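Numbering (the working numbering), first residue to last: 125 to 325.
Comments concern the structure below.
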Amino acid sequence: MTSKENLEEKVDEERRCFLRRATATVGGVGLAASTLPFISYWLPSTETEASGNPVQVDLTPLQPTQQLTIVWRGRPIWVIRRTPEMLATLPKLNDDLRDPFSNEDQQPPYAKNLYRSIKPEFFVAVGICTHLGCIPTYRPDVGGVSPSWLGGFYCPCHGSLYDLAGRVYKGVPAPKNLEIPPYDYLSDNMIIVGVDQGQKT
Ligand code: FES
């Protein structure tokens, strides 16, 4: 097996591990949400997952700084509730980022803004590194990854870094910002992933 095949096998195994972890924690959203900043997982029904249909996500349990992960079309979709302090970090980072203004086609038009989201408070993104597809780790801890770290996502496979809007830093292997999936708000506390804003379901 070549080293490239070895690497791809490793990445596939990481994804399989993610789905096994997700399956093992179905139903744990309310429990995990009580402790910061635990990550919780929620899987749609087998029928919904198999069909690739849109998935509704209740934002009610999500406390500030927390991350919720669902699975849509076999991919982890993150929802993170960002605080005003977290949002305030974003304009400071432009010089350090590869695509600070989201010129690459990595988001729907309604998420092409500083926050890369419909509402600044809730960040919705595909949790897959744009280098070789590992699953980055949510690291909101200021100073946690480096002394100048303001929070974001760290990919453990080859060290790629993204800010709290999923914008990739310069000088890391990942070439692009994290992808933003199509989504819309059904109400203040309910989103639907897999449907573009304003699209009828
Ligand atoms: S997969 Fe290589 S840095 Fe994320």
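Where is the CB? At the ideal position from N, CA and C, for every residue including glycine.
Small disclaimer: the values here were computed from a predicted structure and weren't measured.
Given a threshold of 16 other Cβ atoms within 10 Å of its Cβ, counted over all protein chains shown, does residue i qualify as buried or as exposed?
| i | result |
| --- | --- |
| Ala212 | exposed |
| Gln191 | buried |
| Ser311 | exposed |
| Ser270 | exposed |
| Thr254 | buried |
| Phe277 | buried |
| Pro178 | buried |
| Ile315 | buried |
| Asn301 | buried |
| Tyr307 | buried |
Does the ligand FES have even one heavy atom less than 8 Å from the beta-carbon of residue i?
| i | result |
| --- | --- |
| Pro297 | yes |
| Leu68 | Only positions 125 to 325 of the chain appear in this structure, which leaves residue 68 out of reach. |
| Leu288 | no |
| Asp276 | The question names Asp, yet the displayed sequence has Gly at residue 276. Checking every heavy atom of the ligand FES against the Cβ of Gly276, none is found closer than 8 Å. |
| Gly283 | yes |
| Pro224 | no |
| Leu221 | no |
| Leu238 | no |
| Pro200 | no |
| Leu256 | yes |
| Pro178 | no |
| Pro232 | no |
| Pro260 | yes |
How far does the beta strand (DSSP E) with residue i in it extend, from its first residue to its last?
| i | result |
| --- | --- |
| Pro200 | Arg199 to Arg205 |
| Leu211 | Counting along the chain, Leu211 falls outside any beta strand (DSSP E), though it belongs to the alpha helix (DSSP H) covering Pro208 to Thr213. |
| Ile194 | Gln191 to Trp196 |
For the putative contact between residue i and residue j, defined by C-beta atoms under 8 Å, what is the C-beta separation to the nearest angstrom?
| i | j | result |
| --- | --- | --- |
| Lys294 | Asp220 | 6 Å |
| Leu217 | Asp265 | Actually they are not in contact, since the Cβ atoms of Leu217 and Asp265 sit about 16 Å apart, beyond 8 Å. |
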